[in-house]
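Using the working numbering, you'd call the opening residue of the sequence shown number 1276 and step up by one each time.
All C-beta atoms, glycine included, are put in the ideal place defined by N, C-alpha and C.
Contents: one structure, followed by commentary.
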Amino acid sequence: MFESRKSGVLLHISSLPGRHGIGDLGSCAYDFVDKLELMGQAFWQILPTNEPNGSNSPYDTNSAFAQNPLFISLDLLYADNLLDEKDIESANEIDEVKVDYDKLKKLKKPLITKAAKVFQIKNNHEMDLSFKTFCNENTFWLPQYAIYKVLKNKFNQSPWYEWGSEIRTYNESKIKNISKEYFEEIEIIKIIQFFFYKQWLSLKTYANKKNISLIGDLPIYVSHDSVDVWTNQLLYKLNKNGGLIVKSGCPPDYFIETGQVWGHPIYNWENHAKDGFGWWIKRISFLSELVDMIRFDHFNGLLKYWEIPAENNTAIIGDWKRGPGKELIQKLYDNVQGIKIIAEDLGELSTEVAELRAFKNIPGMKVFQFDFDNICKEINENKVLFTGTHDNDTLVGWYKKELKKLFDNNSIRFQSDELKQIISRNSKLIHLDIVKYCMETKYPLVIIPLQDLIGLNGDCRMNEPGTLNKANWSWKSTTEDISDNLIETINTITYNSGRT
1276 MFESRKSGVL LHISSLPGRH GIGDLGSCAY DFVDKLELMG QAFWQILPTN EPNGSNSPYD
1336 TNSAFAQNPL FISLDLLYAD NLLDEKDIES ANEIDEVKVD YDKLKKLKKP LITKAAKVFQ
1396 IKNNHEMDLS FKTFCNENTF WLPQYAIYKV LKNKFNQSPW YEWGSEIRTY NESKIKNISK
1456 EYFEEIEIIK IIQFFFYKQW LSLKTYANKK NISLIGDLPI YVSHDSVDVW TNQLLYKLNK
1516 NGGLIVKSGC PPDYFIETGQ VWGHPIYNWE NHAKDGFGWW IKRISFLSEL VDMIRFDHFN
1576 GLLKYWEIPA ENNTAIIGDW KRGPGKELIQ KLYDNVQGIK IIAEDLGELS TEVAELRAFK
1636 NIPGMKVFQF DFDNICKEIN ENKVLFTGTH DNDTLVGWYK KELKKLFDNN SIRFQSDELK
1696 QIISRNSKLI HLDIVKYCME TKYPLVIIPL QDLIGLNGDC RMNEPGTLNK ANWSWKSTTE
1756 DISDNLIETI NTITYNSGRT
């Protein structure tokens, strides 16, 4: 899939140095694209951009299609004459060192809603025509999402499966009545999604002109409290009231003796197959319009997945079930033009997953922090090498907390003597030494979280799996983090490693 060896940077939109409390699709995003170009990078990887639920996790969202309004740039809305100077001044109060989601929802969301109402009143001809086109091209998800959001407000944000029986089951005739009653609110929700779409495509066009490709992220599962499950209940293993019969997770292992309970609804793959995997085709097609390549999270689950009884609090008791495998992959490649996938295939099932990846020449993943002792420059395999992911500690944090102790205890058997020497030097720039080593390998693509390029400590990690705290998903970079010196250093490393 890769014509030559390239590299890129992992940075979520929220972590851009936006001046209104969170990274957004405004100037901070364009500045980052410029810096990627100067560093000789070819890819910008992001996390899911869908609208999150209460946890603020980009992997827990209320729609597989709707996007996060918090990423909309207020400055660009101002440039479109949809906000005034006082609005921008009030938004400056949101700025924090880390993302404060509670504050954002109170201060930024009302401004975006205000802009949508102004748009509705002004009815600018050119913009309005674009909006109508957007609505017409997204009828397969946009009206349902807007109604779902209206009903969430009506029922005090309670999940759809706790709504009254008359509305808990999606019914087209009842929905038509709701659409008429809440027409204005529904239009506002659609306009806000249009704002995101317009700003996003402008950014993507700019990045692509700079030869920067965007890598998006596709979680395999969707949240129980989502418009997707509410409107497609037969595609999931649910009881007659919409409750879970079984839920997602993974079994006990060496690290967690009780396993992991993720809690997503499990797909009814038989019904998906009967429908020709139509929902999946729409989902991948939509995301493929927004990004140039897709990282498919938990790709292994397409072959085999752990199914836990809904009433269980741990993952000790469960069953392995077979996924759709090649049948789904074939449907996607037959129906989604230009599809490009990176498979997150970490963990077990390596042989079977390798066969599924080879079916369409899909590259897998290798994470330096998990497999550093087996990584050497002689290896040539169809995998993307990451120094770490959004769930890992930073390179510096991991080195200080784990790797140095293992090395000092002589408990590591390195395949690469060169890497062993790099670790032994205990350099103040250990992060750049590791980045350089990774870039010099034969892996077709190397992705580095921005924290690892900068050399930040573990308190700047993006997420700590298995925890629910406000530090998760809240890290923001600053305008000073990517200095001219760092740009020159990374450009030199990239050029010398032949990844330009």
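Can you tell me whether residue 1719 is buried or exposed, with buried defined as 16 or more other CB within 10 angstroms of its CB?
buried
Measuring straight from C-alpha to C-alpha, what distance separates residue 1500 and residue 1590?
The straight-line gap separating the alpha-carbon atoms of residue 1500 and residue 1590 is approximately 21 Å.
Cα separation between residue 1775 and residue 1665?
Straight across, the Cα-Cα distance linking residue 1775 with residue 1665 is about 25 Å.
In the DSSP assignment, find the unbroken alpha helix (DSSP H) run with residue 1362 in it and report its ends.
1360-1366
Pick helix, strand or coil for residue 1447, following the three-state DSSP scheme.
helix
Check whether the stretch 1568-1584 touches the stretch 1488-1505, counting contact only when three or more Cβ pairs, one atom from each stretch, lie closer than 8 Å.
yes
Can you tell me whether residue 1303 is helix, strand or coil according to DSSP?
helix
Work out the CA separation of residue 1698 and residue 1534 for me, nearest whole Å.
32 Å
Is the distance from the Cβ of residue 1622 to the Cβ of residue 1668 below 8 Å?
no
Apply the 10 Å Cβ neighbour rule to residue 1704 and answer buried if 16 or more other Cβ atoms are within range, or exposed otherwise.
exposed
Roughly how many angstroms lie between the CA atoms of residue 1305 and residue 1594, to the nearest whole one?
47 Å
Quick check on the burial criterion: 16 or more other C-beta atoms within 10 angstroms. Buried or exposed for residue 1613?
exposed
One question on the structure: do residue 1723 and residue 1284 come within less than 8 Å of each other, judged by their Cβ atoms?
yes
Taking residue 1672 as part of the alpha helix (DSSP H), name the residues at either end of that continuous run.
1670-1673
For residue 1290, which residues in the same chain have their Cβ closer than 6 Å to its Cβ, ignoring the five residues on either side in sequence?
1298, 1750, 1751 and 1752
Identify the continuous alpha helix (DSSP H) that holds residue 1281 and give its terminal residues.
From DSSP, residue 1281 is part of no alpha helix (DSSP H) but of the beta strand (DSSP E) over 1281-1285.
Am I right that residue 1472 and residue 1511 are in contact with their C-beta atoms under 8 Å? What's the rounded C-beta distance?
Not a contact, Cβ separation roughly 27 Å.
Indicate whether the contact test is met: 3 or more Cβ pairs, each with one atom in the stretch 1384-1401 and one in the stretch 1414-1432, closer than 8 Å.
no
Might you give, ordered along the chain, the residues of its own chain that have their beta carbon closer than 8 Å to the beta carbon of residue 1609, omitting 5 neighbours on each side?
none
Sorted by chain position, which residues of the same chain lie with C-beta nearer than 7 Å to residue 1322's C-beta, five sequence neighbours on each side aside?
1287, 1333, 1492 and 1665
Which residues in the same chain have their Cβ closer than 6 Å to the Cβ of residue 1415, if we skip the five residues on either side of it in sequence?
So the qualifying residues of the chain are 1557.
Three-state secondary structure (DSSP) at residue 1469?
helix
Check each candidate in 1517, 1523 and 1606 and name the one with the smallest Cα separation from residue 1560.
1606
Would you kindly check if the distance between the Cβ of residue 1762 and the Cβ of residue 1314 is under 8 Å?
yes
May I have the straight-line CA-CA distance separating residue 1756 from residue 1540, to the nearest angstrom?
40 Å
Under 8 Å between the Cβ atoms of residue 1660 and residue 1716?
The Cβ atoms of residue 1660 and residue 1716 lie closer than 8 Å to each other.
Does the beta-carbon distance from residue 1644 to residue 1672 come in below 8 Å?
No, Cβ-Cβ distance for residue 1644 and residue 1672 is not below 8 Å.
Between the Cα of residue 1254 and those of 1516, 1587 and 1353, spot the shortest distance and give me the residue it belongs to.
With the chain represented from 1276 up to 1775, any question about residue 1254 goes unanswered, as that position is not in the structure.
Since residue 1584 is in the beta strand (DSSP E), which residue starts that stretch and which ends it?
1579-1584
To the nearest angstrom, how far is it from the Cα of residue 1596 to the Cα of residue 1581?
6 Å
Who are the Cβ neighbours of residue 1345 in its own chain at under 7 Å, not counting the five residues just before and after it?
1297, 1379 and 1383
Indicate whether residue 1356 and residue 1338 have their beta-carbon atoms separated by less than 8 Å.
no
Can you check whether the CB of residue 1691 is closer than 8 Å to the CB of residue 1652?
yes
Please classify residue 1592 as buried or exposed, where buried requires at least 16 other C-beta atoms within 10 Å of its C-beta.
By the beta-carbon neighbour count (other beta carbons within 10 angstroms, threshold 16), residue 1592 is exposed.
Across which residues does DSSP place residue 1318 in a beta bridge pair?
1283 and 1488
If I'm right that residue 1536 touches residue 1518 with Cβ under 8 Å, what's the distance once you round it to whole angstroms?
The pair is not a contact, with the Cβ atoms about 16 Å apart (cut-off 8 Å).
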